[in-house]
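Notes follow the structure.
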Amino acid sequence: MLFLARLFTALIMTYSCTSFAADTFHFPQGEVKLISSRTSWNENLKPSLGIHFRIKDHWHIYWKNSGDSGAAPKWNWSLTNAKITKEHWPLPERIPVEGLINFGYSNESLFVFDLEPEAKQNSVQASVHVEFLICKIECVPYFTELKTEIPYSAQRGPPSEVFSKFVYPASAPSSFSWVPQKLEGSTLKTVLNLSSQATPKNLEIFPEDGESFKASAPELIPEGNNFEINLALQDTSKTDFEGARFLLVTENADGKKQGYEISLQKTAPASLGFVVLWALLGGFILNFMPCVFPVLSIKVLSFLGPDKNAQSLRTSGLFYTLGVMMSFLILGGALMLLRAGGEQIGWGFQLQSPVIAAGISILFFWLGLNFLGTFEIGQSLTYLGAKKTSSDRAGSFLTGVLATVVATPCTAPFMGAALGASLAMPAASTLLVFAGLGLGMALPFFILAYFPKTIQYLPKPGAWMEKLKEFLAFPLFATVLWLLWVLSHQVTIASLLFLLGIYLFIALWIWTSRQVRNERWKQILLLLGFLFSFAVLVLMPQESVTSMKASQDEAWKTFSKESIAEDIAQGKAVFIDFTAAWCITCQVNKKLVLHTSEIQSAFTANAVQLYKADWTDKNPAITDALAGYGRNSLPLYVYYAAGSQKPQILPEILTKGIILELFNKEKEQ
Amino acid sequence: MKKIFAMLLITCASSLAMAEAKIGSPAPDFSVVDATGKTHKLADYKGKYVVLEWYNKDCPYVRKHYDSKNMQKIQGDMTAKNIVWLSVISSAPGKQGHLAAADAVKNAQKEGSKASAILLDEKGAMGKAYGAKTTPHMYLIDPQGVLRYNGAIDSNDSADPKTIATSENYIVRAVASAEKGEKIAKETSKPYGCSVKY
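So the sequence lines, in the order shown, correspond to chains A and B. Numbering-wise (numbering that gives the first Met the number 0), the first sequence opens with residue 0 and increments by one. Numbering-wise (numbering that gives the first Met the number 0), the second sequence opens with residue 0 and increments by one.
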């Protein structure tokens with residue numbers, strides 16, 4: 000009772016204290032503080048504001064969906080010289096309270112608000128009216144007004160460490176998909192596919208909409224990278240859940256939590272029946288692929304001997320079918336094993352990985368050249384199948400296996416859709432799709448074996464096959480174009496050019512191998528060269544486009560003589576990068592040294608003002624500046640140590656060591 | 000010993016499966032004694048609308064609606080129309096908001112409550128049958144005994160009484176729609192407030 004009385008006194012005090020605004024508000028269960036991500040702001044450093052809670056053990060505050068009881072904190076901002084562009088809620092936890100489930104935070108939490116300041120040179124003033132509910136079992140609401148100011152300063156203020164302490168959700172990658180399957184009573188059955196995440200650890204799901212979904216943890220049934228998720232419904236009258244927003248929380252390999260915002264999608268995936276039918280058709284078409292057709296036709300011709308009776312023909316057809324289907328099922332099983340083991344291999348094309356996308360584009364480019372007839376491969380395998388014309392069971396079975404083996408390179412362009420869809424399904428369905436492919440492929444032969452008369456309707460092998468094969472190169476090249484487009488969103492133009500370089504190398508390799516047709520060791524040498532170039536691609540530092548853009552925007556200022564002079568006069572450290580898109584050395588230095596996160600953070604740590612003098616297009620100011628340093632060519636790197644008026648000219652070929660050395664020297668002095 | 004007992008209590012509480020009163024289905028029956036010792040059964044009110052309100056005198060969200068006289072006003076409007084209003088206290092003995100019969104009568108007088116009766120659901124049987132989670136948590140049962148509304152009292156889950164004026168009162172809207180024979184626009188909502196102290 001005394002405790003309650005104390006709570007109430009506190010409550011009343013809060014009400015009466017609201018006119019009193021400071022940056023911190025203390026209450027019996029803890030404190031809340033309004034803080035800025037940096038001590039100052041300028042054009043290059045947009046600040047964020049944070050509402051930082053520190054509360055005593057056993058108490059908690061709430062997430063935007065509070066769960067079974069409670070209420071989310073609320074804020075009402077008034078800002079001078081800035082507006083809020085985005086707010087971020089840290090990852091919540093499920094907090095059980097007396098049989099109820101709440102979503103919220105205990106101990107410490109930080110709600111972040113990104114700012115877009117307006118007038119330069121002016122400070123940003125922020126005041127926020129905060130209402131929050133804090134509960135153990137009993138609850139106490141508080142209302143308070145917090146105030147802070149962020150001054151303008153050209154100098155880079157040190158960042159507030161608290162801001163790096165919490166994890167905030169990112170938007171889910173587009174490869175994640177989450178579709179409702181069916182409504183069963185008060186449960187919505189769904190399938191979540193996290194294609195790019197190898198076996199997510201400790202997956203948790205938080206619904207944002209507490210009116211539609213219950214707060215209790217939903218049932219999760221893992222299936223490789225898929226999860227069947229049964230969501231318990233709060234509102235059983237609702238049937239449409241499209242766009243319902245959720246937060247997924249998983250852990251990465253180091254046990255660090257990661258959050259993704261995702262919504263339920265509209266379209267259910269193609270039904271299993273449709274996908275299997277598609278696979279059946281795809282398998283059927285495979286027979287007419289140049290790689291398979293010879294096996295089939297020669298095999299068929301071998302039947303037509305005088306001593307063949309209907310019975311042995313049928314047996315042969317049956318075993319061929321078995322052979323094909325078995326191979327497809329093994330292929331499917333292997334694919335699923337790899338998938339379960341966390342490998343992102345297979346027809347599911349995990350295009351999230353640029354290396355795999357690049358590898359596939361190379362394969363398709365190479366296959367396309369093959370289809371165009373620039374070189375022959377796989378012929379010997381095909382004829383091996385053809386030679387196995389014995390009609391015994393093992394022979395027929397083996398022919399089926401061989402037909403599958405030679406068919407696999409041709410599979411991708413035709414079966415992509417069916418296989419892609421099947422990989423997002425549970426294991427049993429994936430296998431069913433593979434069985435469909437196998438059956439489709441075996442079907443013509445099976446029919447021929449049972450109805451030998453149909454053989455007269457079979458198109459004769461001939462020139463049309465060659466034409467078809469050549470034509471099929473073009474869909475492959477189109478796929479390559481699409482893959483390059485995908486890659487252009489993932490890697491820098493330099494990596495993309497390197498990939499195109501590999502294409503060039505492949506073409507060269509094909510041309511050379513015709514010259515050295517009979518010199519096996521030369522062929523092997525060429526093949527090794529090709530593998531080596533791909534290995535280089537894989538090992539090249541893969542800096543993603545987005546991170547590069549972000550770091551560029553953030554850190555590098557455009558060259559301005561006046562601004563540099565001013566910085567030097569103020570005693571700041573300055574680094575000038577004279578560069579141009581056409582200067583290969585510059586690009587190499589940029590990629591391997593200047594724009595790496597290591598060097599970037601060294602610059603930040605030492606408060607170096609970074610300037611980029613881009614000489615790609617003619618720019619007399621930059622030409623003058625170069626002349627000022629006694630140069631007329633690129634690259635040129637100039638560094639002014641803090642408080643020094645004397646420029647240091649750095650070598651043309653940079654290393655990380657050279658840059659890091661600059662700061663070491665500075666410290667020794 | 001005390002600790003073990005407390006732990007046991009917590010375990011029991013969290014393992015109690017919440018039953019769920021379903022919209023469009025007959026509301027769960029109850030048989031609960033009120034503050035004056037009279038037993039109330041849902042069946043007694045056949046032919047009348049019944050509003051259930053979960054109550055805990057110490058919960059700040061209940062205080063929001065009582066200190067501002069909002070709740071008493073709605074109760075008065077409803078009971079004047081011959082609607083039965085039952086305030087239910089499901090707080091267990093020793094927990095926040097629990098009231099013995101005599102205290103409950105006094106408290107109701109002090110509050111100026113216009114409820115038809117204050118039900119004492121000490122064991123939480125009625126609360127659990129309805130799945131009452133918060134105070135306040137509101138339900139509407141129509142004259143046929145069918146549950147028509149389950150959820151919050153209004154659209155703003157702030158603890159600030161100033162927000163009442165600008166909020167949409169769900170229970171008032173539900174009763175109005177039901178009386179006119181219209182479909183209730185919002186049949187369920189997420190109740191807000193303190194947890195019911197079972």
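C-beta atoms are modelled at their ideal positions from N, C-alpha and C, and glycine is treated no differently. Bear in mind the structure is a predicted one, so any value in this text is a computation, not a measurement.
What in chain A is Cβ-close to residue i, meaning under 9 Å?
i: residue 135(B); result: Those do not exist, as residue 135(B) stays about 11 Å from chain A at its closest Cβ, beyond 9 Å.
i: residue 21(B); result: 185, 235
i: residue 197(B); result: 97, 98
Give me the residue from the options with the minimum Cα distance to residue i.
i: residue 147(B); options: 173(B), 157(B), 128(B), 72(B); result: 173(B)
i: residue 356(A); options: 627(A), 495(A), 659(A); result: 495(A)
i: residue 394(A); options: 230(A), 316(A), 590(A); result: 316(A)
i: residue 96(A); options: 68(A), 113(A), 121(A), 78(A); result: 68(A)
i: residue 625(A); options: 655(A), 608(A), 575(A); result: 575(A)
i: residue 606(A); options: 642(A), 585(A), 204(A); result: 642(A)
i: residue 179(B); options: 68(B), 48(B), 34(B); result: 48(B)
i: residue 604(A); options: 433(A), 200(A), 87(A), 658(A); result: 658(A)
i: residue 197(B); options: 98(A), 521(A), 147(A); result: 98(A)
i: residue 159(B); options: 143(B), 169(B), 66(B); result: 66(B)
i: residue 487(A); options: 354(A), 78(A), 663(A), 231(A); result: 354(A)
i: residue 41(B); options: 135(B), 62(B), 116(B); result: 116(B)
i: residue 75(A); options: 131(A), 40(A), 256(A), 249(A); result: 131(A)
i: residue 261(A); options: 273(A), 246(A), 250(A), 274(A); result: 246(A)
i: residue 471(A); options: 256(A), 371(A), 639(A); result: 371(A)
i: residue 613(A); options: 586(A), 278(A), 595(A), 596(A); result: 586(A)
i: residue 79(A); options: 104(A), 86(A), 151(A), 137(A); result: 151(A)
i: residue 44(A); options: 32(A), 221(A), 54(A), 555(A); result: 555(A)
i: residue 157(B); options: 106(B), 34(B), 190(B); result: 190(B)
i: residue 669(A); options: 597(A), 431(A), 430(A), 63(A); result: Nothing about residue 669(A) can be read from this structure; chain A reaches only from 0 to 668.
Could you check where the alpha helix (DSSP H) with residue i kicks off and where it finishes?
i: residue 169(B); result: 169 to 178
i: residue 74(B); result: 69 to 79
i: residue 115(A); result: Looking at the DSSP string, residue 115(A) is not in any alpha helix (DSSP H); the run it does join, the beta strand (DSSP E), is 107 to 116.
i: residue 61(B); result: 59 to 66
i: residue 602(A); result: 596 to 604
i: residue 567(A); result: 560 to 568
If the cut is a Cβ gap below 7 Å, which residues of chain B does residue i touch?
i: residue 567(A); result: Those do not exist, as residue 567(A) stays about 54 Å from chain B at its closest Cβ, beyond 7 Å.
i: residue 331(A); result: Those within 7 Å of residue 331(A) in chain B number zero; the least Cβ separation is about 42 Å.
How would you list, in chain order, the residues of chain A whose beta-carbon sits under 7 Å from the beta-carbon of residue i?
i: residue 186(B); result: 236
i: residue 159(B); result: 130, 142
i: residue 169(B); result: Those do not exist, as residue 169(B) stays about 11 Å from chain A at its closest Cβ, beyond 7 Å.
i: residue 192(B); result: 68
Give the residues of chain A in contact with residue i, contact being defined as C-beta atoms less than 8 Å apart.
i: residue 132(B); result: 67, 68, 99
i: residue 59(B); result: 10, 132, 138, 139, 140
i: residue 141(B); result: Chain A residues near residue 141(B): none, gap ~15 Å exceeds 8 Å.
Please list the partners that residue i has in chain B, where partner means a Cβ-to-Cβ separation under 8 Å.
i: residue 673(A); result: The structure shown does not extend to residue 673(A), since chain A is modelled only from 0 to 668, so the question has no answer here.
i: residue 710(A); result: Residue 710(A) falls outside the range modelled here, since chain A spans only 0 to 668, and no answer is possible.
Would you kindly report the start and end of the unbroken beta strand (DSSP E) that includes residue i?
i: residue 625(A); result: Residue 625(A) -> not in any beta strand (DSSP E); alpha helix (DSSP H) instead, spanning 619 to 627.
i: residue 74(A); result: 73 to 79
i: residue 230(A); result: 225 to 231
i: residue 126(A); result: 123 to 134
i: residue 652(A); result: Residue 652(A) -> no beta strand (DSSP E), and no H or E assigned at all.
query = Using 8 Å as the threshold, is the segment 160 to 180 of chain A in touch with the segment 116 to 135 of chain A, meaning 3 or more CB pairs across them?
reply = Contact fails: fewer than three Cβ-Cβ distances are below 8 Å.
Q.
Any contact between the segment 144 to 158 of chain A and the segment 173 to 180 of chain A? By contact I mean 3 or more CB pairs, one from each, below 8 Å.
A. Segments in contact, no.
- Item | Members of the segment 91 to 108 of chain A near chain E, C-beta cut-off 7 Å | Absent from the structure is chain E; the protein chains it does hold are A and B.
**Prompt:** For the segment 154 to 202 of chain A, which segments carrying the beta strand (DSSP E) assignment without a break, of at least 3 residues, lie completely within its bounds, in sequence order?
**Reply:** Listed in chain order, the complete beta strand (DSSP E) runs (minimum 3 residues) inside the segment 154 to 202 of chain A are 175 to 183, 186 to 193.
- Query: Fully enclosed by the segment 102 to 161 of chain B, which alpha helix (DSSP H) runs are 4 residues long or longer?
  - Reply: Counting only runs of 4+ residues, the alpha helix (DSSP H) found wholly inside the segment 102 to 161 of chain B occupies 124 to 129, in chain order.
Using a Cβ distance threshold of 8 Å, determine whether the segment 319 to 336 of chain A contacts the segment 436 to 444 of chain A, with at least three qualifying pairs required. For the pair of segments examined, the segment 319 to 336 of chain A was found to touch the segment 436 to 444 of chain A: the number of CB pairs separated by less than 8 Å reaches three.
Inset, instruction - Taking 8 Å as the threshold, find out whether the segment 100 to 107 of chain B comes into contact with the segment 126 to 138 of chain B through three or more Cβ pairs. - result: Too few Cβ pairs lie closer than 8 Å, so no.
Check your understanding: Should the segment 122 to 131 of chain A be regarded as contacting the segment 32 to 49 of chain A, the criterion being three or more beta carbon pairs within less than 8 Å?
Key -> Contact between the segment 122 to 131 of chain A and the segment 32 to 49 of chain A is present, because at least three Cβ pairs lie under 8 Å.
_If contact is defined by three or more beta carbon pairs under 8 Å, each pair taking one atom from either stretch, is the segment 234 to 241 of chain A in contact with the segment 84 to 93 of chain A?_
Touching, no.
message: For the segment 98 to 113 of chain A against the segment 135 to 143 of chain A, do three or more pairs of beta-carbon atoms, one drawn from each stretch, fall closer than 8 Å, so that the two count as touching?
response: With contact defined as three or more Cβ pairs closer than 8 Å, the segment 98 to 113 of chain A and the segment 135 to 143 of chain A are not in contact.
Margin query: In chain order, what are the residue ranges of uninterrupted beta strand (DSSP E) at least 3 long that sit wholly in the segment 433 to 514 of chain A?
Written below: Taking only runs of at least 3 residues, no beta strand (DSSP E) segment lies wholly in the segment 433 to 514 of chain A.
Inter-stretch contact (C-beta, 8 Å, three-pair minimum) for the segment 161 to 169 of chain B and the segment 24 to 37 of chain B
Too few Cβ pairs lie closer than 8 Å, so no.
### Query
Quick check: the segment 52 to 60 of chain B against the segment 81 to 99 of chain B, are there 3 or more CB pairs under 8 Å?
Output reads yes: the segment 81 to 99 of chain B touches the segment 52 to 60 of chain B.
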